[in-house]
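Note that the numbering used here has the sequence shown beginning at 802, numbered continuously upward. Even for Gly, the Cβ is constructed at its ideal location relative to N, Cα and C. Written below as C-alpha cells is the structure these notes are about.
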Amino acid sequence: MIREEKSNDTFGCGFNKRKYAGDAKRCKELGLDFNLHCMGPKRIKRYLKKKYDFEIDIEGKDRFDITREAQAIIYG
Numbered sequence: 802m803i804r805e806e807k808s809n810d811t812f813g814c815g816f817n818k819r820k821y822a823g824d825a826k827r828c829k830e831l832g833l834d835f836n837l838h839c840m841g842p843k844r845i846k847r848y849l850k851k852k853y854d855f856e857i858d859i860e861g862k863d864r865f866d867i868t869r870e871a872q873a874i875i876y877g
C-alpha cells in the first residue's frame, strides 16, 4: 500500500517544488512511495537498520533503486 501523494502545497518554497516535482511524477509512474523516496538514501538505510534490522547497500545506486528495495522490504 502506497501512502497518499503530497500535493504541491506541501512542497514548501519554490526551490523544493522544483526539486521534488519531477521526482514525484517519476515515483508515481514507477509505482514508488514518494514519502519514502523523500527520506533520501542515508535516512532510508538508517530506518531499515533500526526498524527492521536489515541493511541495504546504497553505494552506486540511485534514489529510485534504493526506494524500490526499501519499499519491497517494508510493504512486501
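Specify the secondary structure class of residue 824 as computed by DSSP and reduced to three states. Note: residue 824 maps to helix in three-state DSSP.
* Beta-carbon contacts of residue 833 that lie in its chain and below 7 Å, excluding the five residues immediately before and after -> Excluding sequence neighbours, residue 833 sits near 865, 868, 869, 872.
Tell me the rounded alpha-carbon separation between residue 862 and residue 817.
Answer to the nearest angstrom: the Cα atoms are 23 Å apart.
Ends of the alpha helix (DSSP H) at residue 863? Careful: residue 863 lies outside any alpha helix (DSSP H) and carries neither H nor E.
Notebook entry, point to check: In terms of residue numbering, what span does the alpha helix (DSSP H) encompassing residue 837 cover?
Noted result: Run containing residue 837: 835–840, per the alpha helix (DSSP H) assignment.
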